[in-house]
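Okay, structure first, notes after.
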Amino acid sequence: DYDNRTTRNDGRIKLNYYYKFNDKSKFESGIQVNLAYRNFNYLFKTFNWNTNQWFNDPTYTNKFDFRNNVYAAFATYSNSLEALELDYQLGLRAEQTDRLLQQITLNKDYAYNRVHLFPSINLLKKIDLAQQLQFSYSRRINRPFEGALNPFPNYSDSYALAIGNPDLKPELINSFELNYQNTIGGVFLSAQTYYRNTENTFQQTALIGPDGRLNLSFGNIAKTYSLGSELSAGFSLAQWFRLDPALNLYKTHLEGKLKDNSYEQNGFVWSGRLRSTLYFSPETRFQVSLFYTAKQKILQGEIDPVVNLTLSLRQELLDKKLIVTATAQNLFNTGRFKLFTDAGNGTLLYLTANPEAPVFNITLSYNFNNFKNTSKVNDRVDVNLNTGF
Numbered sequence: 261d262y263d264n265r266t267t268r269n270d271g272r273i274k275l276n277y278y279y280k281f282n283d284k285s286k287f288e289s290g291i292q293v294n295l296a297y298r299n300f301n302y303l304f305k306t307f308n309w310n311t312n313q314w315f316n317d318p319t320y321t322n323k324f325d326f327r328n329n330v331y332a333a334f335a336t337y338s339n340s341l342e343a344l345e346l347d348y349q350l351g352l353r354a355e356q357t358d359r360l361l362q363q364i365t366l367n368k369d370y371a372y373n374r375v376h377l378f379p380s381i382n383l384l385k386k387i388d389l390a391q392q393l394q395f396s397y398s399r400r401i402n403r404p405f406e407g408a409l410n411p412f413p414n415y416s417d418s419y420a421l422a423i424g425n426p427d428l429k430p431e432l433i434n435s436f437e438l439n440y441q442n443t444i445g446g447v448f449l450s451a452q453t454y455y456r457n458t459e460n461t462f463q464q465t466a467l468i469g470p471d472g473r474l475n476l477s478f479g480n481i482a483k484t485y486s487l488g489s490e491l492s493a494g495f496s497l498a499q500w501f502r503l504d505p506a507l508n509l510y511k512t513h514l515e516g517k518l519k520d521n522s523y524e525q526n527g528f529v530w531s532g533r534l535r536s537t538l539y540f541s542p543e544t545r546f547q548v549s550l551f552y553t554a555k556q557k558i559l560q561g562e563i564d565p566v567v568n569l570t571l572s573l574r575q576e577l578l579d580k581k582l583i584v585t586a587t588a589q590n591l592f593n594t595g596r597f598k599l600f601t602d603a604g605n606g607t608l609l610y611l612t613a614n615p616e617a618p619v620f621n622i623t624l625s626y627n628f629n630n631f632k633n634t635s636k637v638n639d640r641v642d643v644n645l646n647t648g649f
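Under my numbering, the first residue of the sequence shown is numbered 261, with each subsequent residue one higher.
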């Protein structure tokens, strides 16, 4: 018998300052705190036929607390070079990651505390009233989820062992993007090309241990390079109904080393997104988002196609100062994916991962000064919301 007694407490505090020198010159700064406190208690019970009672199985039962707080500050400055008819924005964001995993069962603590800097550059060239060209550089972060960090061993059977890696580092992504946008007859069109390289790429690892058992874990084992293009559109079929489809095509290259073995993978991947929005009123909207990602390469194998569905309801109150958003993710448990891994020595692994489903979130946001947000940098405090396996 299995009982998952997990509690999650997340919160966000955000404060922005905005100053407009003139119509073109603006300065914005702010701070943001993302708080995540989670308590995981996995209780496994085995039935004793001799005593006719259930008892806790210490081989599988484990408990750990997880703190993943992010403290961030940013500043941006935007202006225009009138001689070149070019708008620009320069930004810098600093983030402190405060991560602590307390494995209560093992009586061990694992801390990660580091500050990262994230510069950004955005250039905008308007060709005419309908067309514009954009270039941007940004540096982003992707943090590992708690399921990849828990060091308590999980023995699925006598042949396999799964264990997290509490020393995992966040991924750091450098992104260069060139984007062309046009509006034709009320239809918004966008064609974006991009190049991204990722440092400290973390992926699942599979190795055969000295005892012949298959050991599954996670590691920062690769560097990833992606070159691709994303085509997107946006149009309204009625005043109350809007569609936003997108298609992403890209080529990936992965290289890394695990133990004494070097790996290299090349692949072509495509993904699609269809977002539909229903406007019940100017203050109330309902959104359905469908995502699909085709088969993709990982360092030791590949991941089968993944489908995910997200529903959200947004309500604006108090003259749009208070915003309430309810979200349902992985509502029909379609987010599961199948993983194929070559562990070496002729051992092939086929694994099905099942994220928690469904996941419901309610977000409250209050704007003390209801001005239009002109900066992208202040919203890039990237807290990974994956809920584990």
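We put the CB at the ideal spot given by N, CA and C, even for glycine.
Rounded to the nearest angstrom, the gap between the Cα atoms of D325 and G488 is 39 Å. In this structure, the straight-line span from the alpha carbon of E406 to that of P430 is close to 12 Å. A distance below 7 Å between beta-carbons, with the five flanking residues on each side excluded, links T623 to the following residues of its chain, in chain order: T585. Here the alpha carbon of R298 sits roughly 6 Å from the alpha carbon of T267. The C-alpha of T365 lies about 12 Å from the C-alpha of L303. When secondary structure is reduced to three states using DSSP, E543 falls in the coil class, being assigned neither helix nor strand.
Pairing F478 with A371 gives a Cβ-Cβ distance that is not under 8 Å. Burial state of I387 is exposed, judged by a 10 Å Cβ sphere holding fewer than 16 other Cβ atoms. As computed with DSSP, R327 is found in a beta bridge with Y297 and L360. In this structure, L534 and P505 form a Cβ contact; the two beta carbons are roughly 5 Å apart against a cut-off of 8 Å. Judged by their CB atoms, N627 and K581 are nearer to each other than the 8 Å cut-off. Rounded to the nearest whole angstrom, the C-alpha separation of L377 and A354 is 5 Å.
In this structure, the alpha-carbon of T311 lies about 30 Å from that of A420. In this structure, the beta-carbon distance from A390 to N442 falls below 8 Å. In this structure, the CA atom of F495 is about 27 Å from the CA atom of F436. Taking all protein chains shown into account, V567 has fewer than 16 neighbouring C-beta atoms within 10 Å of its C-beta and is therefore exposed.
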